[in-house]
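Enquirer: Have a look at this one.
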Amino acid sequence: MAFLLALVALSILGLVVTGGFYAARQETRISMASDRAQRALDVAETGIADVLSNWQGERFGLLPPGQTDQITSLAREGSATIDVRRVSERLYLLDSRGGLFADPGIEHRIAVLTRLNSPLFTAGSAALSLSGLALEGDVGVTGADFTPLSWAPVCGAAGGGMAGVILPDDSAVTTAGPAVVSGVPPVVEDPALTAAALTSYGGLTWAELVAVADVRVTGGAFGPATPQLDANGLCQEASATNWGAPTDPMGPCGRYFPVVHSTGSLQLAAGTVGQGILLVEGDLMVGEDVRFYGAVVVQGTLTIDGGGVLLAGNVRAADIHARNPSTVREVWIASSRCAIDRAILNNPALTRAEPIPARSWLDFTALEG
Numbered sequence: 506m507a508f509l510l511a512l513v514a515l516s517i518l519g520l521v522v523t524g525g526f527y528a529a530r531q532e533t534r535i536s537m538a539s540d541r542a543q544r545a546l547d548v549a550e551t552g553i554a555d556v557l558s559n560w561q562g563e564r565f566g567l568l569p570p571g572q573t574d575q576i577t578s579l580a581r582e583g584s585a586t587i588d589v590r591r592v593s594e595r596l597y598l599l600d601s602r603g604g605l606f607a608d609p610g611i612e613h614r615i616a617v618l619t620r621l622n623s624p625l626f627t628a629g630s631a632a633l634s635l636s637g638l639a640l641e642g643d644v645g646v647t648g649a650d651f652t653p654l655s656w657a658p659v660c661g662a663a664g665g666g667m668a669g670v671i672l673p674d675d676s677a678v679t680t681a682g683p684a685v686v687s688g689v690p691p692v693v694e695d696p697a698l699t700a701a702a703l704t705s706y707g708g709l710t711w712a713e714l715v716a717v718a719d720v721r722v723t724g725g726a727f728g729p730a731t732p733q734l735d736a737n738g739l740c741q742e743a744s745a746t747n748w749g750a751p752t753d754p755m756g757p758c759g760r761y762f763p764v765v766h767s768t769g770s771l772q773l774a775a776g777t778v779g780q781g782i783l784l785v786e787g788d789l790m791v792g793e794d795v796r797f798y799g800a801v802v803v804q805g806t807l808t809i810d811g812g813g814v815l816l817a818g819n820v821r822a823a824d825i826h827a828r829n830p831s832t833v834r835e836v837w838i839a840s841s842r843c844a845i846d847r848a849i850l851n852n853p854a855l856t857r858a859e860p861i862p863a864r865s866w867l868d869f870t871a872l873e874g
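And the structure:
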């Protein structure tokens, strides 16, 4: 009898031990699975952080609402595939699937709703002057929306026209020879216009732009500024005479749109080409064969003297004088929404996508599970 009881006790003990081992093993498996799931989640979150910190403003800005682009992000333990879906004009949904290199069967999917935080550079005209606009020779100021032919792949359709020039007194506009001012309307008289127009541009201010300037010069004779590459064929952004490559938008410097700040009056050499935002503390003198795409803000007088000049985007100055003795090379100050948009969207200091503070994060894996 005692033997039977002992045998039963040993059997029960064996079952208990076996059950304990099984439970411990299951607990270990659950713990390991949970750890892998957490690591996959970390990869997915890293992917979203990567997209946000390296926001490709122009690329994603070309997406129509409802369309999606895709980015792959590599992490130490795995990779994430992020679908960037444009929800509306300024809203983007980032849908990230994170997986592990060591266990391809483990995946975690999350999404974050973000809002584009980029300032608006309010133009309203091709040119703005606090004093007057004097044009002589083959010179034109036009509010027709201008897009360079080489920019067609990266610009949308041209928008409606805007004013040619805005200034406090329309009688301060003078033209001689074939000079012309055109737009919708050609001239806007705004007696309330003040010096604030040279320091505030919608969502941007002079001080904010100066603070993030990529190129700083002291004024005087300068240039010519031309695109420059390093020994590896990459855009040499550290050079003060490299202001991007507006004539080669798909090239190494095609997406470099610097903010250029001159602390004194500036004279641009012939052959200067650039894009971005040009800020001049004093006067700006432009000779022949100068092309700049973006925003030009001059606290003093803008003087153009020579042919083959194009300032496309928006030009603001205390006073504007343009003279062109050439009969074969024109001078144009033209409005360009695309030039302004690209100058902002391609400058990382001016454009960011940020998660909406409330209810922006969604765990699809948890919902599907």
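Per my numbering, residue 506 is the first one in the sequence shown, and the count goes up by one each step. We put the beta carbon where it would ideally sit given N, CA and C, even for glycine. Values in this document were obtained by computation on a predicted structure and should not be read as measured data.
According to DSSP, simplified to helix, strand and coil, what is P860?
Expert: Note: P860 maps to strand in three-state DSSP.
Enquirer: Quick one: any contact between the segment 827-835 and the segment 809-816, if contact means 3 or more CB pairs under 8 Å?
Expert: The segment 827-835 vs the segment 809-816: in contact.
Enquirer: Less than 8 Å between the beta carbons of R821 and V803, yes or no?
Expert: For R821 and V803, yes; Cβs fall inside 8 Å.
Enquirer: I553 to L546, Cα distance in whole Å?
Expert: The straight-line gap from Cα to Cα measures roughly 11 Å.
Enquirer: Expressed to the nearest angstrom, what Euclidean distance is found between the alpha-carbon atoms of T752 and A607?
Expert: Approximately 46 Å between the Cα atoms of the pair.
Enquirer: Would you mind reading off the limits of the alpha helix (DSSP H) that contains L773?
Expert: From DSSP, L773 is part of no alpha helix (DSSP H) but of the beta strand (DSSP E) over L771 to L773.
Enquirer: Let's see if you can read the secondary structure: which residues bound the beta strand (DSSP E) around G642?
Expert: Its beta strand (DSSP E) spans residues L638 to G642.
Enquirer: For L605 versus G583, is the C-beta distance shorter than 8 Å?
Expert: The answer is yes: Cβ separation under 8 Å.
Enquirer: Got a sec, what are the start and stop residues for the beta strand (DSSP E) R581 sits in?
Expert: Here R581 belongs to no beta strand (DSSP E), and DSSP marks it neither H nor E.
Enquirer: Can you tell me whether D868 is helix, strand or coil according to DSSP?
Expert: Correct three-state label for D868: strand.
Enquirer: Within a Cβ cutoff of 6 Å, which residues of the same chain sit near F651, ignoring the five residues on either side of it in sequence?
Expert: Excluding residues within five positions, the ones whose Cβ falls inside 6 Å are A817, A839 and S841.
Enquirer: Grouping DSSP H, G and I as helix and E and B as strand, with all else coil, what is L855?
Expert: The answer is coil: DSSP assigns L855 none of H, G, I, E or B.
Enquirer: Go through its chain and collect everything with a Cβ distance to T577's Cβ below 7 Å, but skip five positions before and after it.
Expert: Within the same chain, T577 has close Cβ partners S584 and T586.
Enquirer: Taking the alpha carbon of G571 as the reference point, which residue from D868, R590 and R828 has its own alpha carbon closest?
Expert: The candidate whose alpha carbon is nearest that of G571 is R590.
Enquirer: The beta strand (DSSP E) with V686 in it runs from where to where?
Expert: Counting along the chain, the beta strand (DSSP E) containing V686 begins and ends at V685 to S687.
Enquirer: How should D719 be labelled, buried or exposed, when 16 other C-beta atoms within 10 angstroms of its C-beta is the threshold for buried?
Expert: The residue is buried, with at least 16 neighbouring Cβ atoms inside 10 Å.
Enquirer: Assuming S623 contacts L773 under a Cβ cut-off of 8 Å, what Cβ separation, rounded to an integer in Å, is found between them?
Expert: Not confirmed; about 28 Å, so no contact.
Enquirer: Once DSSP output is grouped into helix, strand and coil, what is the label at E694?
Expert: If DSSP states are grouped into helix, strand and coil, E694 belongs with the strands.
Enquirer: So which of I611, G637 and G666 has the shortest CA-CA distance to G629?
Expert: G629 has its Cα closest to that of G666, out of I611, G637 and G666.
Enquirer: Going straight from the alpha carbon of A775 to that of P729, what length do you get?
Expert: Spanning the two alpha carbons is a distance of roughly 6 Å.
Enquirer: I need the DSSP call for D588, collapsed to helix, strand or coil.
Expert: If DSSP states are grouped into helix, strand and coil, D588 belongs with the strands.
Enquirer: Please say whether G805 and A827 have beta carbons closer to each other than 8 Å?
Expert: In this structure, G805 does not lie closer than 8 Å to A827 by Cβ.
Enquirer: Closest to L567 by C-alpha separation, out of V617, D846, T870 and G759, would be which residue?
Expert: Selected option, being the one with the closest Cα: D846.
Enquirer: Determine the DSSP secondary structure at T551, reduced to helix, strand or coil.
Expert: T551: helix per DSSP, three-state reduction.
Enquirer: Using the Cα positions of G648 and N737, report the straight-line distance between them to the nearest angstrom.
Expert: G648 and N737: Cα-Cα distance of roughly 41 Å.
Enquirer: Once DSSP output is grouped into helix, strand and coil, what is the label at E612?
Expert: Note: E612 maps to strand in three-state DSSP.
Enquirer: Can you check the segment 757-801 for any beta strand (DSSP E) of at least 3 residues that lies completely inside it and give the ranges in chain order?
Expert: DSSP runs (the beta strand (DSSP E)) wholly in the segment 757-801: 764-767, 771-773, 778-785 and 789-791.
Enquirer: Exposed or buried, V764, counting other C-beta atoms within 10 Å across all chains shown (16 or more means buried)?
Expert: Burial call: buried.
Enquirer: Strictly by DSSP, which residues pair up with C740?
Expert: Paired residues: L734.
Enquirer: Are the beta-carbon atoms belonging to A631 and G688 less than 8 Å from one another?
Expert: Result yes, Cβ atoms of A631 and G688 sit closer than 8 Å.
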